[in-house]
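A quick write-up on the structure given underneath.
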Amino acid sequence: MTKIIAVLNHKGGVGKTTTAINLAAALQQKKKRVLLIDMDGQANLTESCGLSIEEERTVYGAMRGEYPLPLVRLENGLTLVPSCLDLSAAESELINEPGRELILKGLIAKALDTCKFDYILIDCPPSLGLLTLNALTASDYLVIPVQAQFLAMRGMAKITNVVGIVKERLNPELNIGGIVITQFDRRKTLNKSVSEIISESFCDKVFKTVIRDNVALAEAPIKGKNIFEYNKNCNGAKDYMSLAQEVLKLK
Ligand SMILES: Nc1ncnc2c1ncn2[C@@H]1O[C@H](COP(=O)(O)OP(=O)(O)OP(=O)(O)O)[C@@H](O)[C@H]1O
Ligand SMILES: [Mg+2]
Numbered sequence: 000m001t002k003i004i005a006v007l008n009h010k011g012g013v014g015k016t017t018t019a020i021n022l023a024a025a026l027q028q029k030k031k032r033v034l035l036i037d038m039d040g041q042a043n044l045t046e047s048c049g050l051s052i053e054e055e056r057t058v059y060g061a062m063r064g065e066y067p068l069p070l071v072r073l074e075n076g077l078t079l080v081p082s083c084l085d086l087s088a089a090e091s092e093l094i095n096e097p098g099r100e101l102i103l104k105g106l107i108a109k110a111l112d113t114c115k116f117d118y119i120l121i122d123c124p125p126s127l128g129l130l131t132l133n134a135l136t137a138s139d140y141l142v143i144p145v146q147a148q149f150l151a152m153r154g155m156a157k158i159t160n161v162v163g164i165v166k167e168r169l170n171p172e173l174n175i176g177g178i179v180i181t182q183f184d185r186r187k188t189l190n191k192s193v194s195e196i197i198s199e200s201f202c203d204k205v206f207k208t209v210i211r212d213n214v215a216l217a218e219a220p221i222k223g224k225n226i227f228e229y230n231k232n233c234n235g236a237k238d239y240m241s242l243a244q245e246v247l248k249l250k
């Protein structure tokens, strides 16, 4: 059975794309077949995988019904559905489409008729709009990256609320896989105290793995590489491998 995971937080810059690409790569190291879907009109995941933001076929055309999900096999063995800068327009273009929240779910189901994956990871945009709703409707689990910073908790109530509504109306299978604290610097007292608050508030929903602040994680995408291709011995690689081990245990 394919497990579909949306990496979501409407707050920007919290590490969604970094988590999507490197968790996917870590699961691949564990011999899992992994598909990445870039659902963000910034196309950061697409570029981080070494592709151009001007790929001919993208999730945008597929969402518009022009062709099936384009599955691009990367040299490193991962498969990617690329995005493009036009994708943001889909939010308004599809607004009157019947079943507009179900489009991605349908596209994934069709893709799975011919290709087998153990995991599908969806990189969401920093919003709770139609593209994110499509990701939530298609997913079994959410992974929510959170930075251990002041106000980080503010957005959590909003996410929990949207997840509740999606679960009730669109996708009863949806569950929070876990919150993952990212860009953690243990030298910063504030980082420590905020991460304690997050752990206390969402105890059983917080992954034990904390993703440390690690410059290699910021450098790798510039080279179009994931962290295991860039530097498999760095803390970033160790942390994402540890996160993958927890994700593999999700029921
Ligand atoms: N653990 C980390 N250590 C160091 N840098 C990191 C780490 N995680 C992410 N970054 C860097 O922080 C920036 C934001 O990360 P990322 O793009 O993954 O966030 P995002 O949530 O996807 O952003 P957006 O909301 O714009 O899509 C990037 O430059 C990334 O390289
Ligand atoms: Mg991103």
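In this text, residue positions in the sequence shown follow numbering that gives the first Met the number 0: the first is 0, and each later residue adds one. Where is the CB? At the ideal position from N, CA and C, for every residue including glycine.
Counterpart residues of residue i in DSSP-defined beta bridges
i	result
Ala-151	In DSSP, Ala-151 forms no bridge with anything.
Ile-221	Ile-221 is not bridged to any residue.
Ala-42	For Ala-42, which the question treats as bridged, DSSP gives no partner whatsoever.
Gly-177	Val-142
Val-205	Ile-178
Asp-117	For Asp-117, which the question treats as bridged, DSSP gives no partner whatsoever.
Asp-122	Val-6 and Asp-37
Phe-183	Arg-211
Residue i CB to nearest heavy atom of ligand 2 below 7 Å
i	result
Asp-122	yes
Asp-39	yes
Asn-225	no
Asn-43	yes
Any residue with its C-beta under 5 Å from a non-hydrogen atom of ligand 1 counts. Can you list them all in chain order?
Gly-11, Gly-12, Val-13, Gly-14, Lys-15, Thr-16, Thr-17, Pro-125, Gln-182, Ile-210, Asp-212, Asn-213, Leu-216 and Ala-217
Segment contact, 8 Å Cβ cut-off, at least three pairs: the segment 219-233 with the segment 182-197
No, the segment 219-233 is not in contact with the segment 182-197.
Please give the ranges of any alpha helix (DSSP H) in the segment 45-112, keeping only runs that are unbroken, at least 4 residues long and fully inside the region.
58-62 and 86-92
Is it true that the segment 69-81 meets the segment 24-34, where meeting means three or more beta-carbon pairs spaced less than 8 Å apart?
yes
With three or more C-beta pairs closer than 8 Å as the rule, is the segment 6-13 touching the segment 132-142?
yes
For the pair the segment 17-24 and the segment 35-54, tell me if three or more CB-CB distances fall below 8 Å.
yes
Assess, as a yes-or-no matter, whether the segment 53-61 is touched by the segment 136-145 under the definition of 3 or more beta carbon pairs within less than 8 Å.
no
Check whether the segment 199-208 and the segment 163-182 are in contact - that is, three or more C-beta pairs closer than 8 Å.
yes
If we count Cβ pairs, one from each stretch, closer than 8 Å, do we get three or more for the segment 114-122 versus the segment 148-158?
no
Evaluate the contact criterion for the segment 101-110 versus the segment 62-73: three or more CB pairs, one atom per stretch, below 8 Å.
yes
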